[in-house]
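When we follow the working numbering, the leftmost residue of the sequence shown carries the number 38, and every step to the right adds one. We treat Cβ as the ideally placed atom computed from N, Cα and C, and that holds for glycine.
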Amino acid sequence: MQQPLRLGLVGAGTMGANHARVIGDSPDASLAVVVDPDVTRAAALAGSDAHATADVQAVFGCDAVVVASPTESHAGIALELLAAGVPLLVEKPLSADLASVHAMVDASKAGDVALMCGFVERFNAAVMTARALLDESPIHILSMRHSPLAPRITTSVVYDLLIHDIDLAVRLSRGEIVASVTGGDWQHPESGVAEVADCTLRFTNGMVATLSASRRSQRKIRSLLVTTAEQLVEVDLLRQDVTVYRNVGQSQVGDTPTYRAETVVDIPFVRHAGEPLALQLAHFVALVRGEKDPSEERESILEPHRISARVAAGDAAQPAAPTFGVDA
38 MQQPLRLGLV
48 GAGTMGANHA
58 RVIGDSPDAS
68 LAVVVDPDVT
78 RAAALAGSDA
88 HATADVQAVF
98 GCDAVVVASP
108 TESHAGIALE
118 LLAAGVPLLV
128 EKPLSADLAS
138 VHAMVDASKA
148 GDVALMCGFV
158 ERFNAAVMTA
168 RALLDESPIH
178 ILSMRHSPLA
188 PRITTSVVYD
198 LLIHDIDLAV
208 RLSRGEIVAS
218 VTGGDWQHPE
228 SGVAEVADCT
238 LRFTNGMVAT
248 LSASRRSQRK
258 IRSLLVTTAE
268 QLVEVDLLRQ
278 DVTVYRNVGQ
288 SQVGDTPTYR
298 AETVVDIPFV
308 RHAGEPLALQ
318 LAHFVALVRG
328 EKDPSEERES
338 ILEPHRISAR
348 VAAGDAAQPA
358 APTFGVDA
């Protein structure tokens with residue numbers, strides 16, 4: 038039996054606390070160091086078994102590191118650790134600056150060091166079930182990721198929420214390339230931070246993804262609808278359940294204006310192998326141990342960041358593509 042990996046954790050905020058919890062529950066990892074400018078907060082997560090400090094250099098002796106610090110600090114921390122050969126799981130986004138994302142991915146490749154981004158919805162049991170049910174390419178994806186106001190979050194809603202569904206749309210497209218991006222946002226008049234953002238992605242095979250994110254909703258919604266030529270797969274990401282609809286007939290009832298539709302409804306069993314964050318950690322451990330392909334993992338990072346950068350900047354331009362808001 039292999040020894041648990043000694044993990045360092047940079048950032049003791051809300052996400053850092055969640056990572057500390059799943060690390061503590063994992064048979065394959067142990068928390069060795071917690072780094073945060075607020076050492077008292079770091080100590081609360083470290084407990085009696087880990088070292089708490091404000092010095093990020095303390096994680097360099099760990100087998101791998103989870104970076105859950107504020108987004109603007111990710112690049113500086115990650116590039117230094119990757120240069121030292123330390124495998125990393127970095128909370129999404131890797132950076133709100135696309136050049137920094139490329140720099141991190143390039144450093145990972147140059148040193149053959151595992152790099153993973155915290156796209157935790159990839160490990161949602163309902164998402165995995167939905168992907169397994171798709172026996173043909175989707176023609177339309179519709180997502181809604183809405184939340185009430187979150188004053189503690191100061192980054193654009195594109196990088197906070199929308200990037201998750203951009204990532205899912207790319208993965209559900211089965212390798213198709215995004216041909217065009219359109220979209221828009223609402224920015225808070227005082228802070229200038231985007232709190233609402235919608236975008237539409239059109240893929241080379243004609244598939245369309247319509248994605249909506251908001252931090253100004255009155256309730257939390259996490260929904261995903263995937264339409265193929267033969268079925269509609271409805272995913273509730275919060276409840277982690279899936280419903281499949283197939284319309285088999287429709288008609289008018291007699292001489293009345295009543296419309297009748299006959300639809301077959303399937304409710305597939307969703308196998309819950311664990312909490313998504315814990316499954317993400319298990320995947321990271323497998324990457325560090327060489328049981329998963331680090332090159333495949335790092336290549337999956339770039340496209341969601343590229344698209345997010347175009348939406349956040351209000352610029353859908355890419356090589357051989359027109360300007361934002363205009364289809365190719």
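Can you tell me whether GLY229 is buried or exposed, with buried defined as 16 or more other CB within 10 angstroms of its CB?
exposed
Measuring alpha carbon to alpha carbon, tell me which of SER217, ASP278, MET181, VAL70 ends up nearest ARG168.
ASP278
Determine, using beta carbons only, whether PRO124 and VAL150 come nearer to each other than 7 Å.
yes
Within a Cβ cutoff of 6 Å, which residues of the same chain sit near GLU340, ignoring the five residues on either side of it in sequence?
VAL207
Residue ranges of each beta strand (DSSP E) run of no fewer than 3 residues wholly in the region 72 to 149, ordered along the chain?
88 to 90, 101 to 104, 125 to 128
Answer with buried or exposed for ASP86, where buried requires no fewer than 16 other C-beta atoms within 10 angstroms of its C-beta.
exposed
CB CYS154 to CB VAL127, shorter than 7 Å?
yes
Pop quiz: LEU119 and ARG343 are said to be a contact at Cβ under 8 Å. What is the actual Cβ separation, rounded to whole angstroms?
That pair is no contact at about 20 Å.
Please determine if the region 45 to 54 and the region 65 to 77 are in contact, where contact requires at least 3 C-beta pairs separated by less than 8 Å.
yes
Cβ of GLU299 within 7 Å of Cβ of GLY291?
no
Mark LEU82 as exposed unless 16 or more other C-beta atoms lie within 10 angstroms of its C-beta, in which case mark it buried.
buried
Tell me which residues share the same chain as THR237 and place their Cβ nearer than 6 Å to its Cβ, disregarding the 5 neighbours each side in the sequence.
THR219, THR247
Between SER382 and ALA346, is the Cβ-Cβ spacing less than 7 Å?
The displayed coordinates of the chain run from 38 to 365. Any statement about residue 382 would go beyond what the structure contains.
Beta-carbon proximity list for ALA112, same chain, < 6 Å, skipping 5 on both sides:
SER132, SER137
Grab me the residues of PHE80's own chain with a C-beta within less than 7 Å of its C-beta, minus the 5 sequence neighbours each way, in chain order.
With the sequence shown as reference, residue 80 is identified as Ala, and Phe is not the correct amino acid for it. For ALA80, where only same-chain residues beyond five positions count, the Cβ hits under 7 Å are ALA89.
Please list the segments of the beta strand (DSSP E) lying wholly inside the region 265 to 302, counting only runs of 3 or more residues, in order along the chain.
269 to 273, 278 to 289
State the DSSP-derived secondary structure class of GLN40, mapped to helix, strand or coil.
coil
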